[in-house]
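These notes concern the structure reproduced below.
Numbering (the numbering used here), first residue to last: 6 to 434.
Right under this line is the structure:
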């Protein structure tokens, strides 16, 4: 590229550009490109120099379709930089040349058209201009299958979400926006499970955005991603009760399992949120009976993921009596899991109220597991062996206390329970 031309378009010097154009053969001086393959129009559009853009297009209008090494068009450059006046001019010019379709929908090497670049970089005014010119752009997905709406929700750009789902022609025509995201997710998944500026997971979007999405497409909440999870599956372990309530307007969502057979209430248990379980149970009271493909209840999940608060909530609530001693597909009860995973405090919580158990069967199981726990780790290094011996001893002590309590309550026959002396001898052997 002519160095003087590069200087003019980089600095916005209209007089210098006019001088160059007047002393050169028409279009000849505009044929050069930078090392990145950018034309003079790319550079002027990127910097937002509307007057220079007009001067260049008057000389060579074909440059509106020019591509640089990254396959960016001048419109993509202007949209990425947020220059709404340049974007508007280029669209008008393309329309006059009947090149609107090509210019508006051209992808760069990253698979993104101008509308995606506007959303990604937070330029609501540019998005509004693009949508006012061509509302169907909201239905375009990029090379990764991601829609502008999904991107807007992920970045928590409520103003952009409104632009994309707004009904056009005075409410007669519904917005054609796509809600597609990666992995089969929808914009509603993104609203529930997105990233904040620091990269950590959070409830990114406001209630208004969630309500706006549901009004625009009421079936979104029922859409599952490639793992079979709906937005409620992601909301349940987040601890955001208000979002769960909003999604449970359709109570059927609580009964949709993912590909592993896990229901939203399982995810609430694994996340450690008893208040979410309570909320789901109030609206869908039979959710305590739901089991996954491994026949695990919410109590199995809470024990396995060491969610003490949830275990405590379930243990002190009589409505969960039916799952207290239920086995999974391998026959393991929550008690088995507590011992197998060496969760002594959770074991204690489970043994607090023997009314929920077949006392003899439950305590005998624990004695056997406690014995095998020490035996299975007796060949470990000395430190580990000592640790497991301590845990085994703790479990045996708690078990014997529970046994004594059961005997006092008349729930065990004296002749049917393990003898203290036998337990102590075997444990110390």
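Built from N, CA and C at the ideal position, the CB exists for glycine as well.
| query | result |
| --- | --- |
| In its own chain, which residues sit with a C-beta less than 7 Å from the C-beta of residue 246, not counting the 5 before and 5 after it? | 280, 281 and 284 |
| Would you mind sorting residue 364 into buried or exposed? The rule is 16 or more other CB atoms within 10 Å of its CB. | Residue placement at residue 364 is flagged as unreliable, the pLDDT there being 49, under the threshold of 50; a coordinate-derived value is accordingly withheld. |
| Let's see if you can read the secondary structure: which residues bound the alpha helix (DSSP H) around residue 133? | 129-138 |
| Please list, in chain order, all residues of the same chain as residue 92 whose beta carbon is under 6 Å from its beta carbon, the five residues on each side excluded. | 83, 84, 131 and 134 |
| If you measure between the beta carbons of residue 111 and residue 81, is that distance less than 8 Å? | yes |
| Which residue spans inside the stretch 196-270 form an unbroken beta strand (DSSP E) run of at least 3? | none |
| Would you call residue 220 buried or exposed, if buried means 16 or more other Cβ atoms sit within 10 Å of its Cβ? | exposed |
| Quick check: the Cα distance between residue 16 and residue 234, rounded to an integer number of angstroms? | 52 Å |
| Mark residue 114 as exposed unless 16 or more other C-beta atoms lie within 10 angstroms of its C-beta, in which case mark it buried. | exposed |
| Please report the Cβ distance between residue 274 and residue 306, rounded to the nearest whole angstrom; I am assuming they are in contact, meaning their Cβ atoms lie under 8 Å. | 4 Å |
| Using 10 angstroms around the beta-carbon of residue 212, count the other beta-carbons present and answer buried if the total reaches 16, otherwise exposed. | exposed |
| Could you check what DSSP says for residue 45 in three-state terms: helix, strand or coil? | helix |
| Which one of 75, 19 and 88 has the shortest CA to CA distance from residue 50? | 88 |
| Can you tell me which residues form a DSSP beta bridge with residue 185? | 191 |
| Could you pull the start and end residues of the alpha helix (DSSP H) that residue 12 belongs to? | 8-16 |
| Let's test the definition: count the other Cβ atoms within 10 Å of the Cβ of residue 128 and tell me whether it reaches 16, buried, or not, exposed. | buried |
| Would residue 196 and residue 152 be called neighbours here (beta carbons separated by less than 8 Å)? | no |
| Determine the direct distance from the alpha carbon of residue 22 to that of residue 239, and round the result to whole angstroms. | 56 Å |
| Looking only at its own chain, which residues have a Cβ that is under 7 Å from the Cβ of residue 381, when we skip the five neighbours before and after it? | With a pLDDT of only 48 at residue 381, under the threshold of 50, the placement of this residue in the model should not be trusted; the figure read from the coordinates follows. Excluding positions up to five away in sequence, the list is empty. |
| Given that a residue counts as buried once 16 or more other Cβ atoms are within 10 Å of its Cβ, and exposed if not, what is residue 74? | exposed |
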